[in-house]
Amino acid sequence: MSVLVASDLDRTLIYSAAALGLDMPDAEAPRLLCVETYEGRPLSYLTETAAGLLAELVRTSVFVPTTTRTVEQYRRIRLPGPASRFAICANGGQLLVNGEPDADWNQRVRTALGDACAPLEEVRAHLSATADPAWLLKERVAEDLFAYLVVERELLPQGYVKELTQWAEPRGWTVSLQGRKIYAVPKPLTKSAAVAEIRNRTGADEVLAAGDSLLDTDLLLAADHAWRPGHGELADAGWTAPQVTVVEETGVAAGEAIVRALGERSSVTWARARSQVIRAVSRGRD
Numbered sequence: 004m005s006v007l008v009a010s011d012l013d014r015t016l017i018y019s020a021a022a023l024g025l026d027m028p029d030a031e032a033p034r035l036l037c038v039e040t041y042e043g044r045p046l047s048y049l050t051e052t053a054a055g056l057l058a059e060l061v062r063t064s065v066f067v068p069t070t071t072r073t074v075e076q077y078r079r080i081r082l083p084g085p086a087s088r089f090a091i092c093a094n095g096g097q098l099l100v101n102g103e104p105d106a107d108w109n110q111r112v113r114t115a116l117g118d119a120c121a122p123l124e125e126v127r128a129h130l131s132a133t134a135d136p137a138w139l140l141k142e143r144v145a146e147d148l149f150a151y152l153v154v155e156r157e158l159l160p161q162g163y164v165k166e167l168t169q170w171a172e173p174r175g176w177t178v179s180l181q182g183r184k185i186y187a188v189p190k191p192l193t194k195s196a197a198v199a200e201i202r203n204r205t206g207a208d209e210v211l212a213a214g215d216s217l218l219d220t221d222l223l224l225a226a227d228h229a230w231r232p233g234h235g236e237l238a239d240a241g242w243t244a245p246q247v248t249v250v251e252e253t254g255v256a257a258g259e260a261i262v263r264a265l266g267e268r269s270s271v272t273w274a275r276a277r278s279q280v281i282r283a284v285s286r287g288r289d
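Using our numbering, the first residue of the sequence shown is number 4, and each one after it goes up by one.
If you want it as structure tokens, here you go:
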């Protein structure tokens, strides 16, 4: 029996300095491993304990990094353990196989988006018209699939995200606020669809998942077992589901708790499958 583990990255497994949440005394803070640099500066971390657990998980499961990052942004990350055969970028719009984009999958996604929601150009125009330079830092398009704003969170008007959501909803788009970024993503562009494709290709018997944001809900709901941290967009909304376990920890400690839980569940599934094989072989000898 094989286990597919699909996990969001930012604020689920890896954390920027601002998101670490090290609220314990300095002498008790965990040792950290930097897994991403940008323009020569360290950017993202996990605990050294989490790094060891993740390296083992990568070796014993079909581990699939699953992110809203672009392919270029994802390639900056160096996770512990062997390189994953599959990775999901652009919220499901890009499926990497041995590090390279699967062109057929990307074309299937673009065809589906063209039939189901308002065009990206309309959404970009609305974002440009409504974003205030007083709080807008950057406006970006990711893989020609979706758009996002980088904002000064403290200056962002309280009702902006709600108003944008109400505008986007009838046009077939989802809005998600994650840290300093406001994402506008087509509803058919989902992580779960890409995970289903990988599950079909690998024949995985069980899917485990983890995530912290609104854009992860479909991924968590599609999994057999899932986890979310005690912080983030879903935590703020109090969101959960029957197959979702909420870890109490927040910040980088939550990342460690999640990778530990994923590893423990994966080991249980593998042990159960091994036991079933042994029993089947024994019955065949009788």
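Every residue, glycine too, gets a C-beta built ideally from N, C-alpha and C.
In this structure ILE91 touches LYS194 by the C-beta definition: roughly 6 Å separates them, less than 8 Å. Here ALA226 is actually not in contact with ALA207; their C-beta atoms are around 11 Å apart, not less than 8 Å. By the Cβ rule, the region 7-22 counts as touching the region 61-68, because three or more pairs are nearer than 8 Å. Assigned with DSSP and collapsed to three states, HIS228 falls in strand. Membership of LYS141 in the beta strand (DSSP E) is indicated by the continuous run 139-145.
A Cβ-Cβ separation of about 13 Å leaves PHE149 out of contact with ASN109 under the 8 Å criterion. Exposure of GLY162 is indicated by the presence of fewer than 16 other C-beta atoms within 10 angstroms of its C-beta. Proximity to TYR18 across VAL178, ALA256, VAL271 peaks at ALA256, based on C-alpha coordinates.
Across the structure, VAL247 and VAL100 are spaced so that their CA atoms are roughly 28 Å apart. According to the DSSP assignment, TRP170 belongs to no beta strand (DSSP E) but to the alpha helix (DSSP H) extending over 163-171. Assigned with DSSP and collapsed to three states, SER64 falls in coil, not helix or strand. Along the region 199-244, the beta strand (DSSP E) occurs as fully enclosed runs of 3 or more residues at 209-213, 228-231, listed in sequence order. Within 10 angstroms of the beta-carbon of ASP221 lie 16 or more other beta-carbons, which makes it buried.
Contact annotation: the region 175-190 touches the region 133-152, with at least three C-beta pairs closer than 8 Å. According to the DSSP assignment, GLN110 belongs to the alpha helix (DSSP H) that extends over 106-119. Secondary structure note for ARG44: its beta strand (DSSP E) is the uninterrupted segment 44-50. Contact between the region 153-168 and the region 130-138 is present: three or more C-beta pairs spanning the two stretches fall below 8 Å.
When beta bridges are read from the DSSP output, LEU158 appears opposite no residue.
By alpha-carbon distance to ALA171, the top candidate from PRO45, ALA187, ALA106 is ALA187.
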